[in-house]
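Have a look at the structure below before the remarks.
Residue numbers (the UniProt record's numbering): 1 to 463.
Following this line, the structure appears as structure tokens:
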């Protein structure tokens, strides 16, 4: 018999040797149970003051230890059961530790939301978490505090993250919140944003540049630099705040700006190309600055929306319209992405420049108005019919036979003997590309051309 088999047999034999005893002879002193667990370790647990109940508990402990030793009880399920019955605050502390690689703000918000839901629902253990309880509490909270759909989803997302972490760390077999659905944020937009036009961005920059007032500790010239850099790079406020002369490489083609992973929203180092006009400005802006000196220190802590609001109002541009508000994020990042698409950049390219995880997020930053849609529709080519060269050759060269225009139905589009095939195509479809939608009449369905006032030939049908 192998050593492992002998050790296993000895462990099973030892498991049956449980003992019950008291440390003192006091009447109300509880009994203690001493037994050997499935790992061969001697354990001592507290029993009851009643000897009979203590014997039942000892028998139960012996039976469970024997089943674990023989493999009848799955150790992983046993471990999950232990976690489910442990105080939930122990798991919350471990979960908070697992978030340490994220930003301090993210950790603080996530844990505050999770703890508020846990305390509001009265959960004391992991096993007590129920989807119905969480949903009921969040609905009451939304009504009591008038929470938006987005904030509601943030609470649910935090709880989802906690439960998913419990599954990955084998504290739960499955997430109890897996079927809870998020609310539709499109039906409850509390702070809609609008993009500025390039002309409005110019007015904003000039308004700041000509201002003698300091707003949020920034001079007019400093604000103008922030607005320009935000619009021409699409960087977020925190990312702008982290920029130093080291962030820029201006002596290569294309010139680039680098956002370090510690300051990027998705915790990844990003290298972005710079607009040539911005490169010329940066060469003068960076003069006299130390390599590690920040261009806009503590910008992430300033009320940048107030800066934009006051500078817009100085030149008569409304901060808030029916389309939405034009805060710092809208005037910079939203306008940057919208103008990229307005000027022919494809959606996948805009997604990469915006550093979004998917195209759906990029579309949320795109503000296409009715005038943009009208321009897009005007570029739509009108349908046309291809006329074969043989048919074109058979057309009379004189203007005696007046052709009916394929699109507008007009007469009098004559031809000359010098017409090429391309010109003849234009003669047949002279209004091609003009966007005529009303009363379009195509050439006859036969291969022959229909002349004005002449009926197309038809077959004789015998009766």
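We treat Cβ as the ideally placed atom computed from N, Cα and C, and that holds for glycine.
Which first and last residues belong to the beta strand (DSSP E) in which residue 24 is found? Note, residue 24: premise wrong, no beta strand (DSSP E); not H, not E.
Quick one: give me the first and last residue of the alpha helix (DSSP H) that residue 227 is part of. 220-233
Of the residues 348, 309, 344, which one's Cα is nearest the Cα of residue 330? 309
Can you round the beta-carbon distance between residue 367 and residue 195 to whole angstroms, since I take them to be within the 8 angstroms contact cut? 4 angstroms
Helix, strand or coil, according to DSSP, for residue 19 in the structure here? strand
If you follow the beta strand (DSSP E) that residue 34 is part of, which residue opens it and which one closes it? 32-36
Since residue 125 contacts residue 88 with CB under 8 angstroms, what's their CB separation in whole angstroms? 6 angstroms
When burial is assigned at 16 or more other CB atoms within 10 Å of the CB, is residue 179 buried or exposed? exposed
Would the region 157-171 and the region 209-218 be scored as touching if the rule is three or more Cβ pairs under 8 angstroms? no
Please give the ranges of any alpha helix (DSSP H) in the region 66-151, keeping only runs that are unbroken, at least 4 residues long and fully inside the region. 75-85, 88-98, 104-121, 131-145
Sort 39, 92, 80 by Cα distance to residue 69 and report the nearest one. 39
Considering just the uninterrupted stretch of the beta strand (DSSP E) at residue 314, what are its terminal residues? Run containing residue 314: none in the beta strand (DSSP E); it sits in the alpha helix (DSSP H), 304-314.
Alpha helix (DSSP H) runs contained entirely in the region 158-227, provided each spans 4 or more residues: 198-209
Residue 439 burial status per 10 Å Cβ neighbour count (16 or more: buried): Its pLDDT being 41, under 50, residue 439 is placed unreliably by the model, and nothing is read from it.
Beta-carbon spacing of residue 255, residue 227 below 9 angstroms: no
Spatial distance of residue 415 from residue 343 (CA atoms): Per-residue confidence for residue 415 stands at a pLDDT of 48, beneath the threshold of 50, marking its modelled position as unreliable; no derived number is given.
Quick one: what does DSSP say residue 258 is sitting in, helix, strand or coil? strand
Have a look at residue 231 and residue 337 and give me their C-alpha separation to the nearest angstrom. 9 angstroms
Hey, would you say residue 267 sits closer than 9 angstroms to residue 328, going by beta carbons? no
Bridge partners - residue 42, DSSP secondary structure assignment: 36
Reduced DSSP category for residue 251 - H, G, I as helix; E, B as strand; rest coil: coil
Residue 272 in three-state terms, based on DSSP: strand
Quick check on the DSSP output: the alpha helix (DSSP H) that includes residue 246 runs from which residue to which? First-last for residue 246: undefined, no H or E at that position.
6 angstroms CB neighbourhood of residue 270 in its chain, flanking five on each side removed: 259, 264, 355
Considering only residues of the same chain and omitting the five flanking positions on each side of residue 339, which have a CB-CB separation below 7 angstroms? 198
Cβ neighbour criterion (16 or more within 10 Å) applied to residue 19: exposed
Measure from the alpha carbon of residue 316 to the alpha carbon of each residue in 389, 335, 204, 58, then state which is nearest. 204
Looking at the structure shown, is residue 317 part of a helix, part of a strand, or coil, going by DSSP? coil
Is it the case that the Cβ atoms of residue 154 and residue 113 are separated by a distance below 9 angstroms? yes
Assign residue 465 to one of three DSSP states: helix, strand, or coil. Because the chain here runs from 1 to 463, residue 465 falls outside it and cannot be looked at.
Quick check: the Cα distance between residue 305 and residue 384, rounded to an integer number of angstroms? 51 angstroms
What residue range does the alpha helix (DSSP H) around residue 287 cover? That residue, residue 287, is in no alpha helix (DSSP H); it is neither H nor E in DSSP.
Segment contact flag, the region 102-109 with the region 49-62, C-beta cutoff 8 angstroms, min 3 pairs: no
Considering only residues of the same chain and omitting the five flanking positions on each side of residue 32, which have a CB-CB separation below 8 angstroms? 20, 21, 22, 23, 44, 45, 46, 47
Does the distance from the C-beta atom of residue 289 to that of residue 244 stay below 9 angstroms? yes
I'd like to know whether the C-beta atoms of residue 334 and residue 115 end up nearer to each other than 9 angstroms. no
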